[in-house]
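Residue numbers (the UniProt record's numbering): 1 to 139. Before any comments, here is the structure.
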């Protein structure tokens, strides 16, 4: 976890969010890719909030890093509140383009580099088809 936290330039606020949200996802937004497609970072953040925020999920922002997390160690509740919505993003055709990195935090597990995990799944033949693009404010 230390290496990942160094990558995030972890401030005390970041550490506090991760410590108090056992299930969390960290998204590194690639602003250049968004702008190249005619979208704004703010529009993309609004889209992510619509997809990921709900009554149980909290959001913390640190520059272009967005953290979404839930204050529970209950895996089922975390999956229903955040996990499945976060996985849905992986099926968007722009997932690897608009994020330079995505990190997943879960209690009792090592920190997961989501891109690396997707590459491993693809290597095992577990390819998945992209969904239709549902982020519209771009060319």
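We treat Cβ as the ideally placed atom computed from N, Cα and C, and that holds for glycine. Everything numeric in this text was worked out from a predicted model, so none of it was measured.
Item	Value
Cα-Cα separation between residue 35 and residue 29, rounded to whole angstroms	11 Å
Residue environment, residue 123, which counts as buried when at least 16 other CB atoms sit within 10 Å	exposed
For residue 66, the residue or residues it bridges with in DSSP	27, 61
Range of the contiguous beta strand (DSSP E) that encloses residue 47	Here residue 47 belongs to no beta strand (DSSP E); instead the alpha helix (DSSP H) covers 41-52.
Three-state secondary structure (DSSP) of residue 81	helix
Collapsed DSSP secondary structure at residue 12 in the structure displayed	helix
Span of the beta strand (DSSP E) around residue 105	99-105
Reference residue 71; option with closest CA among 83, 64, 38, 63	83
CA-to-CA distance, residue 45 to residue 99, given in whole angstroms	12 Å
Beta-bridge partners of residue 113, as assigned by DSSP	103
Reduced DSSP category for residue 17 - H, G, I as helix; E, B as strand; rest coil	helix
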